[in-house]
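Colleague: Before we start, here is the structure in question, set down as structure tokens.
There are 2 protein chains.
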Amino acid sequence: MSIPARPYAVLCGGLGGSRFVDALARAAGPEQVTAIVNVGDDVEILGLHVSPDLDTVLYTLAGLLDEERGWGVRDETTNALELAGQLGGETWFTLGDRDIGLHLVRSRLLREGVPLSEATRRLTESLGVGVRLLPASDEPVRTFLSTPAGELDFQTWFVARGHADEVTAVRYEGAEEARPAPGVLEAIAGAEVVFLAPSNPFVSIRPILAVPGIAEALAEKRVVAISPLVRGRALRGPLAGMMASLGYEPAVRGLAALYDGVATDLVVDPDDAEELPGALVAPIVMVAPEARAEVGRAVLEAIR
Amino acid sequence: MSIPARPYAVLCGGLGGSRFVDALARAAGPEQVTAIVNVGDDVEILGLHVSPDLDTVLYTLAGLLDEERGWGVRDETTNALELAGQLGGETWFTLGDRDIGLHLVRSRLLREGVPLSEATRRLTESLGVGVRLLPASDEPVRTFLSTPAGELDFQTWFVARGHADEVTAVRYEGAEEARPAPGVLEAIAGAEVVFLAPSNPFVSIRPILAVPGIAEALAEKRVVAISPLVRGRALRGPLAGMMASLGYEPAVRGLAALYDGVATDLVVDPDDAEELPGALVAPIVMVAPEARAEVGRAVLEAIR
């Protein structure tokens, strides 16, 4: 069974990525978009397989995301976690009750041998989401960060320790042995444009590119990176600090250096246009869901 | 490590059983009581191992039971189940959010190879419950009921079909190969009195007795059955109908016939005293938690 390729493929992580996928879906139509999502942050909590980036994209597109917090389901309760904690279960990674409903369904599918990509397809269909979501790989890829406190897995670094440790190196465990999930290479090959979403390059985009075959597939394409920085700052998260500690100027020029040889174009915010002559320019702040259709249209206009 | 035996051992199922265990614990002190609990109703829901009888006893003793419904945790929400249902998960067996917190912790322990008895010990300790809870077996024993609609597993019969199907036979799958959980035979051997709680004999008590060794251990002991019937009716559940369809008079006389050769004494409600001369008599209605200490004292008085 061959699935027709869609004009836009987006490599993305969680919050910033989900907003851009949403922007593109609102501007071009969800059925025009495939999102290829990072799995380097995946973690097992209370015996449940949690895929934070896939979940954030799914919840955003289904209108379920808690947009205030930027993660999890809105109108959420945490009753399961509270009793689990009283019984000795770990509580450092917050799982809401609705969220657990999704993790239960997916974890059971995975234990039954259903690949993550197929489980994701079913969840997406159940929630009526038109964007096609693909995990970068069905096999485990796990991001580890070197810090002065030692090497930490992503969630320990990010959630448990509040991304306070300086990052001196990043590696993607399992990536070399992993294969792109079914449909990933086809989605890239068939796309008119491949976007790198405004996600953290080190912990969202590169763990996707580290899966053998994906970077190679991009080499043939027009690859447009959307800047995750505006005036030298990420809208959320530790990117600016990571760029500095990993040897890049924490600004759109540093980003251009970082994506040199990967992206053919970089879209920056109007506030950064003077910093990087030659970059494409569009308003890319899209925190509010209402702003996203316009951002999507502006980006599509900018790359025309 | 040898654990000293306690004076009272109780074989029990869920609601009626939990109330009697609670009554005895309130009257004699929780550290005087071991409850040996039916696992024939255990079921896997959404990939979680659910032990409804163990849970009802645990929640009752921890003061967490929803006493109105007679199952699950009080002040409960069902957000996880709602989203799971939207995603294709089964919803016929209600799991509340707090309840899921417990199931997550236990299910993970079981998957890690921790036996059910040890998982139960840890949960009991975490909740500060002084009664010792033992599953009848760490191995699966599953109750199946023959009905005109065919053979049904317990939860399908009880929950999914509302125990509307007439029961013509009962069997306990896996019982012959199962072994008593560690501590069960010692708890019986060391007890002064073994109680059969006012639980359904067919689906709560007999699945315990079906585990090889347990009925044999009882043969040496004083075994006091507490009637689950008052004036020919169970306080809750389908017992009277089952007794009729399985060939027993649905009254304390039928119960005496049913437990002939197992129980040495039967305790009946004052309202049934005339029905069965020779039975011990005590008030045994203990729906309200406040009534239980008095019921416990009356039963201990009656058997003195």
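Protein chains in written order, with the working numbering: chain W, 466 to 769; chain S, 466 to 769.
A virtual CB, placed ideally from N, CA and C, is assigned to each residue, including glycine.
In this text, all values refer to a predicted model and were calculated from it rather than measured experimentally.
(1) Would W:P663 be called buried (16 or more neighbouring beta carbons within 10 Å of its own) or exposed?
(2) By DSSP, does W:I510 sit in helix, in strand, or in coil?
(3) May I ask you to list the residues that DSSP assigns as paired with S:E616?
(4) Would you call the CB atoms of S:V515 and S:F485 closer than 9 Å?
(5) Could you tell me how far apart the beta carbons of W:L581 and W:L588 are, in whole angstroms, since I believe they sit closer than 8 Å?
(6) Three or more beta-carbon pairs under 8 Å between the region 498-510 of chain W and the region 590-610 of chain W, yes or no?
(7) Identify the contact partners of S:T525 in chain W, using a Cβ-Cβ distance below 7 Å as the criterion.
(8) Assign W:T559 to one of three DSSP states: helix, strand, or coil.
(9) In chain S, which residues lie less than 8 Å from W:E547 when you measure between Cβ atoms?
(10) Taking C-alpha atoms, which residue in W:E577, W:D730, W:P703 lies nearest to W:G627?
(11) Count the other C-beta atoms from every protein chain shown that fall within 10 angstroms of the C-beta of W:G712, then say buried if there are 16 or more, exposed otherwise.
(12) Is it buried or exposed, S:I749, if we count other Cβ atoms within 10 angstroms and call 16 or more buried?
(13) Between which two residues does the alpha helix (DSSP H) harbouring W:Y637 extend?
(14) Any beta-carbon of chain S closer than 9 Å to the one on W:G719?
(15) Going residue by residue through the region 514-551 of chain S, where are the continuous alpha helix (DSSP H) segments of at least 4 residues, counting only ones entirely within it?
(16) Is it the case that the Cβ atoms of S:I468 and S:G648 are separated by a distance below 9 Å?
(17) So W:L588 contacts chain S; which residues on that side make the cut at Cβ distance below 8 Å?
(18) Can you find a C-beta in chain S that's less than 9 Å from the C-beta of W:L598?
(19) What are the start and end residues of the alpha helix (DSSP H) that includes W:F485?
(20) For the region 604-615 of chain W and the region 631-642 of chain W, state whether three or more C-beta atom pairs, one from each stretch, are separated by less than 8 Å.
(21) Per the contact definition of three or more C-beta pairs closer than 8 Å, is the region 668-677 of chain S in contact with the region 470-484 of chain S?
(22) Tell me where the beta strand (DSSP E) around W:L674 begins and ends.
(23) Could you tell me the distance, in whole angstroms, from the CA atom of W:L650 to the CA atom of S:D630?
(24) Write down the C-beta distance between S:L548 and W:G566 rounded to the nearest angstrom, noting that I regard them as a contact closer than 8 Å.
(25) Verify the CB distance criterion: does S:G578 have a CB-CB separation below 9 Å to chain W?
(26) If you draw a straight line from the C-alpha of W:D487 to the C-alpha of W:A758, how long is it?
(27) Candidates W:L489, W:G481, W:L511: which alpha carbon is nearest W:L530's?
(28) Residues of chain S with CB under 7 Å from W:T542, in chain order?
(29) Where does W:A722 fall in DSSP's three states?
(30) If you drop the 5 nearest sequence neighbours on each side, which residues of the same chain put their C-beta closer than 7 Å to that of S:T542?
(31) Would you say W:G512 lies against chain S (beta-carbon separation less than 9 Å)?
(32) Between S:S602 and chain W, is any beta-carbon pair separated by less than 9 Å?
(33) Out of S:L552, S:R636, S:G553, S:L513, point me to the one whose CA is closest to S:G505's CA.
(34) List, in order along the chain, the chain W residues whose C-beta lies closer than 9 Å to that of S:R687?
(35) Closest to S:T633 by C-alpha separation, out of S:G512, S:S710, S:A744, would be which residue?
(36) Put W:L700 into one of helix, strand or coil per three-state DSSP.
Modeller: According to the structure shown:
(1) buried
(2) strand
(3) S:S611
(4) no
(5) Their Cβ separation, rounded to whole angstroms, is 10 Å, which puts W:L581 and W:L588 out of contact at 8 Å.
(6) yes
(7) Going along chain W, no residue has its Cβ under 7 Å from S:T525, so there is no contact; the nearest lies around 15 Å.
(8) W:T559 falls in the coil class under three-state DSSP.
(9) R563, G566
(10) Of the residues W:E577, W:D730, W:P703, the one whose Cα lies closest to the Cα of W:G627 is W:P703.
(11) exposed
(12) Buried, since its Cβ has 16 or more Cβ neighbours within 10 Å.
(13) For W:Y637, there is no enclosing alpha helix (DSSP H); the enclosing beta strand (DSSP E) covers residues 634-638.
(14) no
(15) 517-526, 544-551
(16) yes
(17) L552
(18) Residue contact with chain S for W:L598: absent (no Cβ-Cβ distance below 9 Å to any residue of chain S).
(19) Counting along the chain, W:F485 sits inside the alpha helix (DSSP H) bounded by residues 480-493.
(20) With three or more CB-CB distances shorter than 8 Å, the region 604-615 of chain W counts as touching the region 631-642 of chain W.
(21) yes
(22) That residue, W:L674, is in no beta strand (DSSP E); its alpha helix (DSSP H) goes 671-674.
(23) 54 Å
(24) 3 Å
(25) no
(26) If you take the alpha carbons of W:D487 and W:A758, they lie about 8 Å apart.
(27) W:G481
(28) T542, N544, D562
(29) helix
(30) G561, D562
(31) yes
(32) Not closer than 9 Å to any Cβ of chain W, the Cβ of S:S602 fails to qualify, so no.
(33) When only C-alpha atoms are compared, the closest one is S:R636.
(34) Going along chain W, no residue has its Cβ under 9 Å from S:R687, so there is no contact; the nearest lies around 36 Å.
(35) S:S710
(36) coil
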